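Residue numbering for the sequence shown is -20 to -1, 1 to 433, as defined by mature numbering (1 follows the signal peptide of the UniProt record, and there is no 0).
Where is the CB? At the ideal position from N, CA and C, for every residue including glycine.
If you're wondering where the values come from, they're calculated on a predicted model, not measured in any experiment.
A short worksheet on the structure shown next.
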Amino acid sequence: MKRLLLAALLALSAPAPAWAWSNHALASYRALEVLPAVAQAPAVAAEPLEDFLAAQAQPIARLLQAQDAWAQQHIAQYPPLPAALRFDPQAAHTGPQALRLAFLHALRVSPESRLALYLQPDPWGPPATQPKLAHDAVSALPLREKDGEKHHFVRLQPGEPVAPLAVIASASDEPDYGMDVNLFEDSPSAWGPTYGFGKLPFGNPSLDFATQAPFHMGFFYELPLIYAAAGFLKRTYPLLRVHQYQGLSELAFQSGHPYWGWRFAGLALHYVQDLTQPYHASLAPGYSSARLIGIQLLALLGMPQGKNDMVVLLSNRHFVLERYESQMIQASAAAHRPGPLEAALYDTRTDAGYPAWGDGHAYVKDTVARESHAAGEAVTAQMLAGSPARYVNDPGFDFGVHAGGIDLMAEVARQGGDARATLEASITTLMRHFGAHSRNLVRGIVGTPVASD
């Protein structure tokens, strides 16, 4: 039985969306503009990464070493940082680019990460006055309309005053710009084989978006039978990234570098927000272990269609959930009229009902991921009830291929008010979680309790 289940789980590692919410920045603006600690924070001066690293090289080295020791104790199947990659503060004496590269290697992110001085302007705000910035200056990934939308970037100059809300919201989308791409031994990169993460645990190592998936997904609540058959599912690292960037944010604030305090906080936000998407916290929402085994048994008997169909359906449902959320938030921004999604993101009433943030590890795993995993079956059922059947229940249609040309909101509306209400209710619930957990992370970093808001 274990072998049957393992084969079925391996089938699920076929290409699937590795991003969660399509543009984190748009939702982060709304979730955090109601948090006084962010919205009322004074402007900060934009600071190049190299300046922060040079000023704090010794404390950063100590922090990264402590974080590696922490991860060995708290993260399942965490591979220790190779000695050759430890951050050497003496790199500051060899020039800013060498220091930058040493830092990126010690974090074990792509050395092609841009970490440029930029903003993604709030579409609800006044038009940006800064010069536009090319996609390639911000993202290490090739230009493509992720989920049918475009990103707009503007350039910041060193020393330019900028609102913390804009810094943290913009950074919350940044890990999808190639920072976690090709970090594995079998990745087509020069750095992957040196990082110590071993081979890609699931997915196709030749597809960039697949190689970032283990850092943006966390399968913490599958049945023991699943883990017994597929221990590789424990090799996911969103908890690592949250801990790394939270620590760097706190160091930056404490040492007088508030721009990077907000910037690193935004990077940490991304992984927490990813885990509010049930398809990032559940392996196969709506599929029981028995069903997985049955599907694989048929495949071994020469009937693989069920297995192939399952992979397509899971991918399609993942995409549909994100596409509809993306269209909802873009439509509201274009009309400058808040809708149910914005109301959910603004809603602070549930914030205090969650545990204190602490170091983030228990909160992210035991609160965010657990809540999201538990929602997977209900969200899937609501999606099936509210979406056109072709998109969520027809394995002959690949939604990901056609997503950019599909007006999903219009098609759902044509199905009637009940269908639209069902789907939007599901998404607004998830966005309420998105907003609450985003605010609680920020409170944890800046030390502001909920009651003081």
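- In the structure shown, alanine 25 adopts extended strand secondary structure according to DSSP, grouped into three states.
- Of the candidates Ile309, Asp156, Glu30 and Tyr343, the residue whose Cα lies closest to the Cα of histidine 115 is Asp156.
- With contacts defined by Cβ atoms closer than 8 Å, proline 320 and glutamate 230 do not form a contacting pair.
- Taking all protein chains in view, the Cβ of proline 168 is surrounded by fewer than 16 other Cβ atoms within 10 Å, so the residue is classified as exposed.
- Cβ atoms of aspartate 188 and valine 161 come within 8 Å of each other, at about 5 Å.
- Per DSSP, alanine 358 is one residue of the alpha helix (DSSP H) stretching across 350 to 366.
- In the displayed model, tyrosine 98 falls within a strand according to three-state DSSP.
- Arginine 215 is positioned such that its CB atom lies no closer than 8 Å to that of proline 238.
- The DSSP-derived three-state label of valine 392 is helix.
- Residue burial annotation: threonine 74 is exposed, with fewer than 16 other C-beta atoms found within 10 angstroms of its C-beta.
- Taken atom to atom, the span from the alpha-carbon of leucine 255 to that of glutamate 154 is near 16 Å.
- Proximity to alanine 324 across Met411, Ala393, Ala72 and Ala314 peaks at Met411, based on C-alpha coordinates.
- Distance from the CA of glutamine 36 to the CA of valine 89, rounded to the nearest whole angstrom, comes to 19 Å.
- Rounded to whole angstroms, aspartate 339 and leucine 84 show a C-alpha spacing of 22 Å.
- In this structure, the CA atom of leucine 87 is about 11 Å from the CA atom of histidine 223.
- In the DSSP assignment, valine 344 falls outside any alpha helix (DSSP H), carrying neither H nor E.
- By the neighbour-count criterion, in which 16 or more other beta carbons inside 10 Å mark a residue as buried, valine 381 falls on the exposed side.
- The C-alpha of phenylalanine 299 is placed about 29 Å away from the C-alpha of valine 14.
- In terms of Cα proximity to alanine 19, the closest of Leu145, Ile40 and Asp48 is Leu145.
- A contact is defined here as three or more CB-CB pairs under 8 Å, and the segment 133 to 140 fails this definition with respect to the segment 41 to 48.
- Rounded to the nearest whole angstrom, the CA to CA distance from alanine 270 to asparagine 288 is 17 Å.
- Per DSSP, the continuous alpha helix (DSSP H) segment holding glycine 246 begins and ends at 238 to 254.
- Closest in C-alpha terms to glutamine 100, from the list Arg394, Ala7, Phe200 and Gln307, comes Ala7.
- DSSP lists Tyr98 as the bridge partner or partners of arginine 135.
- Under the three-pair Cβ rule at 8 Å, the segment 191 to 205 counts as touching the segment 350 to 359.
- DSSP places valine 142 within a strand segment (E or B) once states are collapsed to three.
- DSSP assignment within the segment 283 to 351 yields no whole beta strand (DSSP E) run of 3 residues or more.
- Partner residues in the beta bridge of lysine 112, as assigned by DSSP, are Val134.
- With 16 or more other CB atoms across the displayed protein chains lying within 10 angstroms of its CB, histidine 4 is buried.
- For valine 372, the enclosing alpha helix (DSSP H) starts and ends at 369 to 372.
- Taking a C-beta distance under 8 Å as the contact criterion, leucine 294 and glycine 286 do not qualify as a contact pair.
- The criterion of a C-beta distance shorter than 8 Å is not satisfied by proline 258 and glycine 366.
- Arginine 66 and alanine 41 have their alpha carbons spaced roughly 8 Å apart.
- Secondary structure at methionine 159: coil, using DSSP grouped into helix, strand and coil.
- Closest in alpha carbon position to proline 141, among Gln110, His54, Asp346 and Ala314, is Gln110.
- The continuous alpha helix (DSSP H) containing histidine 382 extends over residues 379 to 382.
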